[in-house]
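J.: The structure's right below; bear with me while I get my questions together.
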Amino acid sequence: MKAKGPISPTLEQLQKAQQQPIERIVCSGGGAKGVGYAGSYRAMQDTGVLKKIQAFSGASAGAITAAFMAVGMPSDIFREQLLSTNFKDLLGKRVGAVFGKNEPGISSITKDGKPLEAFIRDNIIATVKGSLQQLDNLEDIAEQHEDLRQLLAKVRGESPRITFGDLAILNRYFPEHFKQLTIPAVRFPDGKLQIFNSDLTPDVEIALACRASASIPVVLQPIEIEINGVKQRFVDGGLYDNLPTDYFDLQENGTFAKNTKPEQTMVFAFGEGLDDKKNQVFQALYGKRWDEVVSDEILNSIIDDAIVLAKQVRDEEEDLDSAEDEAQLLHQAIKYVLAQQVKHKVITIDESQSIMSATKKAIDSLLLKPKDNQEFWNAYKNETNQENRVKLLGSFVKEKMKPILYDAGVIERLKRNVLVEVLGDLHTSFKNTAQKEAGYQKLRSDYALRTVELRVGNIKTTDFDEATKLARVMDALGYLDTINYITNHELYGPDDFNEEQFYIDLVDNFEHIHRATLMGAGKDASKDPLIREIAALRTQLEYQGKPNDVISRQVYQLIKDKVERRLDSIEAFALARAVEYGNKTLTADALFKETYEEGFNRSGTFSISNITGERIFKTSTLHEALKEKSMFDLYENQPPHNKNTRTDKVFDSLAKLTTFRDAYNESQMKKEVAIVNTPVSSGINQ
1 MKAKGPISPT LEQLQKAQQQ PIERIVCSGG GAKGVGYAGS YRAMQDTGVL KKIQAFSGAS
61 AGAITAAFMA VGMPSDIFRE QLLSTNFKDL LGKRVGAVFG KNEPGISSIT KDGKPLEAFI
121 RDNIIATVKG SLQQLDNLED IAEQHEDLRQ LLAKVRGESP RITFGDLAIL NRYFPEHFKQ
181 LTIPAVRFPD GKLQIFNSDL TPDVEIALAC RASASIPVVL QPIEIEINGV KQRFVDGGLY
241 DNLPTDYFDL QENGTFAKNT KPEQTMVFAF GEGLDDKKNQ VFQALYGKRW DEVVSDEILN
301 SIIDDAIVLA KQVRDEEEDL DSAEDEAQLL HQAIKYVLAQ QVKHKVITID ESQSIMSATK
361 KAIDSLLLKP KDNQEFWNAY KNETNQENRV KLLGSFVKEK MKPILYDAGV IERLKRNVLV
421 EVLGDLHTSF KNTAQKEAGY QKLRSDYALR TVELRVGNIK TTDFDEATKL ARVMDALGYL
481 DTINYITNHE LYGPDDFNEE QFYIDLVDNF EHIHRATLMG AGKDASKDPL IREIAALRTQ
541 LEYQGKPNDV ISRQVYQLIK DKVERRLDSI EAFALARAVE YGNKTLTADA LFKETYEEGF
601 NRSGTFSISN ITGERIFKTS TLHEALKEKS MFDLYENQPP HNKNTRTDKV FDSLAKLTTF
661 RDAYNESQMK KEVAIVNTPV SSGINQ
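For what it's worth, the working numbering labels the leading residue of the sequence shown as 1, then goes sequentially.
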């Protein structure tokens with residue numbers, strides 16, 4: 001999604017950000033939304049961004065993603081694991097009793113999470129073993145280094161437990177394959193933050209740390225981990241920080257410095273629904289920024305003038321004893337001063353409204369709730385210089401100009417704060433709702449230029465069944481959102497990726513697959529709303545003299561906006577297949593087969609397919625009948641083509657793609673060669 005609102009970094013900040021290669025990746029938690037990470041991983045690989053990554057960090061479900069990336073899982077295997085796994089099936093067996101007393105942290109619905117732990121462990125082990133097998137000169141290097149030699153012996157043993165210390169050794173000798181990894185979790189039951197990494201917890205198994213960080217309170221049993229000889233239990237790291245950006249730089253005193261490389265850190269965060277006004281990530285990145293637009297100098301001048309005006313009125317009036325009267329007087333004074341500023345074009349009407357709203361909040365808070373702002377009043381009373389007092393007020397107002405991004409309602413507070421404490425027996429010094437707001441504000445202040453918003457429509461964190469069903473569409477959206485971000489910020493290398501050709505090919509693939517699916521469903525493509533919108537947009541842009549790559553980019557955005565609104569639509573199917581076909585995940589023959597099946601599925605109740613020589617009425621039956629067959633062969637074996645059958649309509653639409661036509665011709669040529677080379681029996685008995 002392109003930015004729709006003002007962001008006001010300086011030109012120097014923009015240039016600095018653009019020039020810095022990405023070295024750190026942060027994966028936010030997202031539950032069922034995490035399927036989109038498969039596409040993001042492939043996008044980073046295709047654009048060359050992945051080559052320069054040094055460290056990963058992830059919380060909650062994002063911890064699993066970060067771990068798989070850090071140990072070097074190939075993108076195709078990563079995709080296969082995420083798309084084929086319904087994480088709801090990995091929760092395990094119920095451990096809580098419906099009646100009677102349960103242990104702390106366990107309720108009647110709590111599950112043991114053992115399948116999830118095994119899933120993480122098995123994948124890490126398989127990945128590390130597979131990566132080591134592909135390394136050149138591994139044995140020669142190990143001969144020279146005792147720590148590596150011991151690690152190899154461990155990995156080659158049965159069911160090795162790969163620890164953060166093990167990963168650090170692999171990273172030291174093979175940094176291009178293995179990366180640094182940081183995972184946060186929350187200690188049970190006191191809520192203290194625990195960071196797992198090679199410095200603090202070298203002997204902790206990575207799979208256990210991932211399981212800990214993904215342990216949703218009440219849903220999953222707290223997991224026990226031994227740290228420095230002490231057994232402790234842990235739950236979801238996302239409770240405290242779902243965007244773990246500040247745990248890369250460990251200081252000598254054992255605490256973490258705030259991220260020292262924000263310009264070189266790329267944060268992945270999932271959008272929250274289709275309404276951008278309510279989407280906290282969108283608002284954090286693209287929402288209004290009056291606190292940055294309005295300068296301190298102008299704001300302080302307005303406050304100073306308002307105070308002087310209010311003082312003059314106060315001297316003339318007698319009945320201003322109450323705080324309410326003081327507040328009302330200041331409101332009126334500021335309103336008057338702002339009107340004068342607008343009149344003389346010092347500020348705009350929008351800026352005036354924002355300042356008025358913020359100052360009202362600030363004045364009401366300070367005068368009507370002084371006990372809640374004791375720190376401010378102490379500083380204000382201790383400051384005798386009027387100019388410095390005005391600056392204090394200005395800073396307070398500036399804070400009020402920042403938007404509240406996550407305004408948790410009653411239900412959200414009950415679910416995230418109360419139930420976690422009551423049912424989950426977790427007693428923290430923080431509230432999860434406050435931490436979520438802090439996370440979004442962090443994106444807004446520190447990572448507005450370095451956040452990839454992964455938009456997954458209306459999929460929610462717990463929609464595991466729906467996410468499994470729509471996994472390929474979500475994968476494609478993750479790929480496209482990441483490509484879009486990387487190209488917008490010019491983070492790719494010209495030798496790795498061709499931005500202009502990518503969007504031209506993507507739109508070309510989509511249009512033919514979309515049309516083929518419509519034709520296969522018996523629809524009149526000329527009446528399709530999206531096809532008409534694309535034609536109108538293309539005509540408009542061509543009239544304006546826009547080049548083909550610019551036209552394709554804008555057409556792509558039109559398509560993607562449509563897909564986001566309905567992930568189960570024909571458009572979503574076509575876009576997902578266009579992505580897969582473009583990056584060669586999907587062959588031409590498979591594209592033909594899937595497009596034919598999708599068209600049949602959407603063609604109505606009384607549809608019939610004769611493509612296999614049998615009359616088929618159900619989509620599931622058709623799918624089984626086509627599973628092991630070549631669509632190109634089936635097409636070639638059809639009766640003389642009259643262009644009116646479903647098969648012909650789908651084929652003819654797809655055949656307008658040069659790559660599809662070439663693949664079909666190649667398959668036929670191979671058949672002809674095979675026939676020529678087949679020995680002919682002479683029929684003579686030997």
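A virtual CB, placed ideally from N, CA and C, is assigned to each residue, including glycine. The structure displayed is predicted, hence computed values, not measured ones.
Whose C-alpha, out of 181, 158, 157, is nearest the C-alpha of residue 168?
T.: Residue 168 has its Cα closest to that of 181, out of 181, 158, 157.
J.: In chain order, what residues of the same chain have a beta carbon less than 6 angstroms from the beta carbon of residue 208, not counting five sequence neighbours either side?
T.: Cβ within range, chain order: 225.
J.: Please state whether DSSP places residue 346 in a helix, a strand or coil.
T.: Coil, per DSSP.
J.: Smallest Cα separation from residue 121: which of 574, 147, 139, 71?
T.: Closest option to residue 121, Cα to Cα, is 71.
J.: Are residue 480 and residue 562 closer than 8 angstroms when you measure CB to CB?
T.: No, the pair does not count as a contact, with Cβ atoms beyond the cut-off.
J.: Using the three-state DSSP reduction, which class does residue 370 fall into: helix, strand or coil?
T.: Of the three classes helix, strand and coil, the one that applies to residue 370 here is helix, per DSSP.
J.: Looking at the unbroken beta strand (DSSP E) that takes in residue 59, where does it start and where does it end?
T.: Segment: none, residue 59 is in no beta strand (DSSP E) and carries neither H nor E.
J.: Measuring only the C-alpha atoms, how far is residue 741 from residue 614?
T.: Coverage of the chain is limited to positions 1 through 686, which leaves residue 741 absent and any answer about it impossible.
J.: By Cβ distance, which residues of its chain are closer than 6 angstroms to residue 397, with the 5 residues on each side in sequence left out?
T.: These residues qualify, in order along the chain: 358, 359, 362.
J.: For residue 280, count neighbouring C-beta atoms within 10 Å of its own C-beta (all shown protein chains included) and say buried if the count is 16 or more, exposed if not.
T.: Classification for residue 280: buried.
J.: Alpha carbon to alpha carbon, how far is residue 672 from residue 679? Give it in angstroms, no decimals.
T.: Those two C-alpha atoms are separated by around 13 angstroms.
J.: Is DSSP giving residue 659 helix, strand or coil here?
T.: Reduced to three states, the DSSP call for residue 659 is helix.
J.: Output the residue ranges of the beta strand (DSSP E) runs that lie fully inside the region 391 to 466 and measure 3 residues or longer, sorted by chain position.
T.: As far as the region 391 to 466 is concerned, its whole beta strand (DSSP E) runs of at least 3 residues are 451 to 454.
J.: So, under 8 angstroms CB-CB, residue 212 and residue 451 are touching, yes? Tell me the CB distance rounded to an integer number of Å.
T.: About 25 angstroms; that fails the 8 angstroms criterion.
J.: Within its chain, find whatever has a CB closer than 6 angstroms to the CB of residue 239; leave out the 5 residues flanking it on each side and keep chain order.
T.: Correct list, in chain order: 186, 432.
J.: Where do the N-terminal and C-terminal ends of the alpha helix (DSSP H) with residue 473 fall, by residue?
T.: Unbroken alpha helix (DSSP H) run through residue 473: 471 to 488.
J.: Short check: CB of residue 188 to CB of residue 235, under 8 angstroms?
T.: Yes, they are a contact pair.
J.: Label residue 657 either buried or exposed according to how many other C-beta atoms from any shown protein chain fall within 10 Å of its C-beta, with 16 as the threshold for buried.
T.: So residue 657 counts as buried.
J.: Within a Cβ cutoff of 6 angstroms, which residues of the same chain sit near residue 436, ignoring the five residues on either side of it in sequence?
T.: Here the set comprises 406.
J.: Rounded to whole angstroms, what is the Cα-Cα separation between residue 166 and residue 210?
T.: Straight-line Cα distance between these residues: approximately 16 angstroms.
J.: Quick check on the burial criterion: 16 or more other C-beta atoms within 10 angstroms. Buried or exposed for residue 414?
T.: Burial call: exposed.
J.: Distance check for residue 399 and residue 454, CA to CA, integer angstroms please.
T.: One C-alpha to the other measures close to 28 angstroms.
J.: With a threshold of 8 angstroms, are at least 3 pairs of Cβ atoms found where one atom belongs to the region 30 to 43 and the other to the region 462 to 469?
T.: Taking 8 angstroms as the limit for Cβ pairs, the verdict is that the region 462 to 469 does touch the region 30 to 43.
J.: Hey, how far is the Cα of residue 337 from the Cα of residue 350?
T.: Residue 337 and residue 350: Cα-Cα distance of roughly 15 angstroms.
J.: Should residue 156 go down as buried or exposed, given a rule of 16 or more other Cβ atoms within 10 Å for buried?
T.: Residue 156 should be labelled exposed.
J.: With the cut-off set at 8 angstroms, would you say residue 233 and residue 205 are in Cβ contact?
T.: Not a contact, by the Cβ cut-off of 8 angstroms.
J.: State the Cα-Cα distance for the pair residue 148 and residue 119, rounded to the nearest angstrom.
T.: When rounded, the distance between both Cα atoms is 26 angstroms.
J.: Considering just the uninterrupted stretch of the beta strand (DSSP E) at residue 186, what are its terminal residues?
T.: Its beta strand (DSSP E) spans residues 180 to 188.
J.: Give the DSSP-derived three-state secondary structure of residue 577 in the structure shown.
T.: Residue 577: helix per DSSP, three-state reduction.
J.: Suppose you measure from the CA of residue 519 to the CA of residue 500; what does that come to, to the nearest Å?
T.: Answer to the nearest angstrom: the Cα atoms are 29 angstroms apart.
J.: Taking only three categories from DSSP, how would you classify residue 249?
T.: DSSP places residue 249 in strand when its eight states are reduced to three.
J.: Does the distance from the C-beta atom of residue 634 to that of residue 612 stay below 8 angstroms?
T.: Against a cut-off of 8 angstroms, the Cβ pair of residue 612 and residue 634 comes out as a contact.
J.: CA-CA distance, residue 456 and residue 273?
T.: Approximately 8 angstroms between the Cα atoms of the pair.
J.: When we look at the beta-carbon of residue 194 and count the other beta-carbons within 10 Å, is it buried (16 or more) or exposed?
T.: With 16 or more Cβ atoms within 10 Å of its Cβ, residue 194 is classed as buried.
J.: Given this structure, state the Cα-to-Cα distance separating residue 320 from residue 326, to the nearest angstrom.
T.: With a pLDDT of 48 at residue 320, under the threshold of 50, the predicted position of this residue should be treated as unreliable, and no value is reported.
J.: CA-CA distance, residue 379 and residue 324?
T.: Cα to Cα, residue 379 sits roughly 22 angstroms from residue 324.
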